[in-house]
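J.: The structure under discussion is supplied below as structure tokens; questions concerning it will follow.
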Amino acid sequence: MNRGLFSVLNERQKFANFLRFCSKSLLLDQGMQVHGALVKMGFGFDLMLSNDLIVMYGKCGRLGVACDVFDRMLERNVVSWTALMCGHIQNGNPLESLLLFSKMALSGVKPNDFTFSTNLKACGLLNGLYIGRQVHDTCVKTGFDTVNVVGNSIIDMYSKCGRINEAASMFEVLPVRNLISWNAMIAGYTVAGFCKKALVLFRKMQEGEEFLDEFTFTSTLKACSDLGAIKEGNQIHAFLITGGFLYSVNTAIACALIDLYVKCGELFMARRVFSHIEEKHVISWTALILGYAQEGNLEESMDLFRQLRESSIQVDGFILSSMMGVFADFALVQQGKQMHAFAIKVPFGVDISKLKKEAGCSWVEIAKEIHFFYGGDDMHPLTEKIHEILKEMERRMKEELGYVYRVKYALHDVEEESKMENLRVHSEKLAIGLALVCGGLEEERKVIRVFKNLRVCGDCHEFIKGLSKILKIAFVVRDANRFHRFEDGLCSCGDYW
DNA sequence: CACCTGGTGC
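Taking full-length UniProt numbering, the leading residue of the first sequence gets 1, the next gets one more, and so forth.
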């Protein structure tokens, strides 16, 4: 090879490397300068360099220029097509990516594993189960479904299309599972609401040889948050600290942690994590601000929102509309307080959600296990003891506080004498009963934490107020709308919810 | 050469 040709090839490789660096670091200006230089030097029609240009322009948000480069090419290979498809997806147009896929097929260029995973991503983004299945089918026929990256994309495609079972069976048959396969499956379970399954998978992952990364933790923390599994979440928090995963600099982990503590009614811990973040993302602000609002602490919520507005952080439409909701609630509460006299006559607090089709369900975490209860549920092996302790609590409350049931909250289609029984077996009460029987008190916090899928019933609300008084412990009840923190006979919601 | 995975809420 003569020196001249060698230096030309060397030059070409230097351009390519620099372009890839520009793509990675989103350096549009520098990328454009390289583009100009290589056109001048006669590299304008070079296949590899043109591909790199498409990638660079796509990543930097200049899809029009990427398309121009693509259109002017004398020949295009699978990389050119795939790079442009990715560009469309990255710029928010997955449909165009799918159209390109069919154009590519017509042009006679054969797709590879990268093309398939890109297309599966587009299907997932579009919620396109039908076309996703077709792509999956083609992958099977061409043998690409056994390629790890493609398999991962199939898992993600099915879970994005709401087909968690199909995602799971893909995960099962994957010949090689890597970190991303596990992460995709855990995220899939979490998004689909199968948080317990997500946690089971996470534990399996910990037991195995697999590494864990920030994606694993964010998804798993989200699962803990949705479940209210604070013990498990705490362990992950501790693991993050000992494992050197600094959430002070990792936005996603910090947000997930704040969300966990907020959803468990631990605003103090949420605030602590928040204060440790170096660059506070608008999402972490949102989580904390709404957390305070949902706990009934409107003052702190408003104050934080004011701080956010005074900071240099750009607020988004999401937090603005959320704050509208907070202001609306605040106004309602103010009105509600003025209307207190009426509230006694008006069936205030009648639980409209008990009329809904959805069955009331409560749960509580005891020794890292989540126990679920439905209203009138006697499936739990400790049911008898639960009833005993609840009766005991009623007796003490009557004696010490003169508490009697407000029977009006009971279901209406039952015999009068059995209304007391109905009230006793509301799911939130059963969950609390179990916590009392099993010592579900979180010793370090002196709190019992219960979750309910519907609004907490007015009678149970009174009952828990009483419990917090006579037992001298706090209760945190997260219902469908908000938090109730009961302490010393009072609730943070001020009885308006 | 490129491709896959994550966070706030209603």
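Here a beta-carbon is modelled for each residue, glycine too, at the ideal position from N, C-alpha and C.
With 16 as the cutoff for other CB atoms within 10 Å, does E74 come out buried or exposed?
T.: Position check: residue 74 holds Leu in this sequence, whereas Glu was assumed. Under this definition L74 is an exposed residue.
J.: Classify L201: buried if its beta carbon has 16 or more other beta carbons within 10 angstroms, exposed otherwise.
T.: L201 should be labelled buried.
J.: Tell me where the alpha helix (DSSP H) around Y496 begins and ends.
T.: Run containing Y496: none; DSSP gives neither H nor E here.
J.: How about L290 and F373: are their beta carbons less than 7 Å apart?
T.: It is not a contact, given that the beta carbons lie outside the stated cut-off.
J.: So, helix, strand or coil for I366, using DSSP?
T.: Strand.
J.: As a quick exercise: from M205, R20, V477, G402, pick the residue whose alpha carbon is nearest that of K263.
T.: Checking every option, the nearest Cα to that of K263 belongs to V477.
J.: Helix, strand or coil, according to DSSP, for K110 in the structure here?
T.: Of the three classes helix, strand and coil, the one that applies to K110 here is coil, per DSSP.
J.: Mind checking which residues open and close the alpha helix (DSSP H) that includes H88?
T.: H88 -> alpha helix (DSSP H) spans 78 to 90.
J.: Going by CA-CA distance only, name the one from T138, L260, L320, W363 that's closest to A377.
T.: Just to set this straight, residue 377 is Asp in the shown sequence, not Ala. It is W363.
J.: I need the DSSP call for V249, collapsed to helix, strand or coil.
T.: Coil, per DSSP.
J.: In angstroms, rounded to a whole number, what distance separates the CA positions of A184 and G489?
T.: Distance between the alpha carbons of A184 and G489 is about 45 Å.
J.: With DSSP collapsed to three states, give me the class of C460.
T.: Reduced to three states, the DSSP call for C460 is helix.
J.: Just grab the DSSP bridge partners of C361 for me.
T.: Looking at the DSSP assignment, C361 forms a beta bridge with Y374.
J.: For the alpha helix (DSSP H) that H237 lies in, which residues bound it at each end?
T.: Residues 230 to 242.
J.: Starting from the Cα of Q13, find the closest Cα among L27, M324, D52 and give me that residue.
T.: Of the candidates L27, M324, D52, the one whose C-alpha sits nearest the C-alpha of Q13 is D52.
J.: What distance in whole Å lies between the Cβ atoms of S225 and residue 534, which are believed to be in contact at a cut-off of 8 Å?
T.: Residue 534 is absent from the structure shown; the chain starts at 1 and stops at 497.
J.: Note down the Cα distance separating G108 from R76, rounded to an integer number of angstroms.
T.: The straight-line gap from Cα to Cα measures roughly 11 Å.
J.: Evaluate N119 with the Cβ neighbour count: other Cβ atoms within 10 Å of its Cβ, from every protein chain shown; 16 or more gives buried, anything less gives exposed.
T.: With 16 or more other Cβ atoms within 10 Å, it is buried.
J.: What do you get for G296, buried or exposed, if any count of 16 or more other CB atoms within 10 angstroms of its CB means buried?
T.: Classification for G296: buried.
J.: The alpha helix (DSSP H) spanning E172 covers which residue range?
T.: E172 -> alpha helix (DSSP H) spans 164 to 173.
J.: Assign R306 to one of two classes, buried (16 or more other C-beta atoms within 10 Å of its C-beta) or exposed (fewer than that).
T.: Exposed is the call here.
J.: Cutting at 7 Å between CB atoms, please list the residues of its own chain near F348, excluding the five before and the five after it.
T.: Note that F348 has pLDDT 38, beneath the 50 cutoff, so the model's placement of it is unreliable and no number is given.
J.: With the cut-off set at 7 Å, would you say S117 and V79 are in Cβ contact?
T.: No, Cβ-Cβ distance for S117 and V79 is not below 7 Å.
J.: With DSSP as the reference, identify every bridge partner of V476, one or two as the case may be.
T.: Bridge partners of V476: R449, R485.
J.: Please classify Y130 as buried or exposed, where buried requires at least 16 neighbouring CB atoms within 10 angstroms.
T.: Result: exposed.
J.: Specify the secondary structure class of E428 as computed by DSSP and reduced to three states.
T.: The answer is helix: DSSP assigns E428 an H, G or I state.
J.: In the DSSP assignment, find the alpha helix (DSSP H) that holds R396 and state where it starts and stops.
T.: Its alpha helix (DSSP H) spans residues 383 to 401.
J.: Is S311 buried or exposed, if buried means 16 or more other CB atoms sit within 10 Å of its CB?
T.: By the 10 Å Cβ count, S311 comes out exposed.
J.: Measuring CB atoms only, is the segment 245 to 259 touching the segment 382 to 402, in the sense that at least three cross pairs come out at less than 8 Å?
T.: With the cut-off at 8 Å, the segment 245 to 259 and the segment 382 to 402 do not touch.
J.: So, with DSSP's three-state summary, where would you put E210?
T.: Three-state result, E210: coil.
J.: DSSP state of E295, grouped into three classes?
T.: It is helical.
J.: Would M379 be called buried (16 or more neighbouring beta carbons within 10 Å of its own) or exposed?
T.: Classification of M379: exposed, given that the 10 Å Cβ count is below 16.
J.: Looking at S468: is its Cβ nearer than 7 Å to the Cβ of E487?
T.: Against a cut-off of 7 Å, the Cβ pair of E487 and S468 comes out as a contact.
J.: Measure from the alpha carbon of L19 to the alpha carbon of each residue in E232, E279, M104, L38, then state which is nearest.
T.: Nearest option by C-alpha distance: L38.
J.: Using the beta-carbon count (16 or more within 10 Å), is H426 buried or exposed?
T.: By the neighbour-count rule (16 or more Cβ atoms within 10 Å), H426 is buried.
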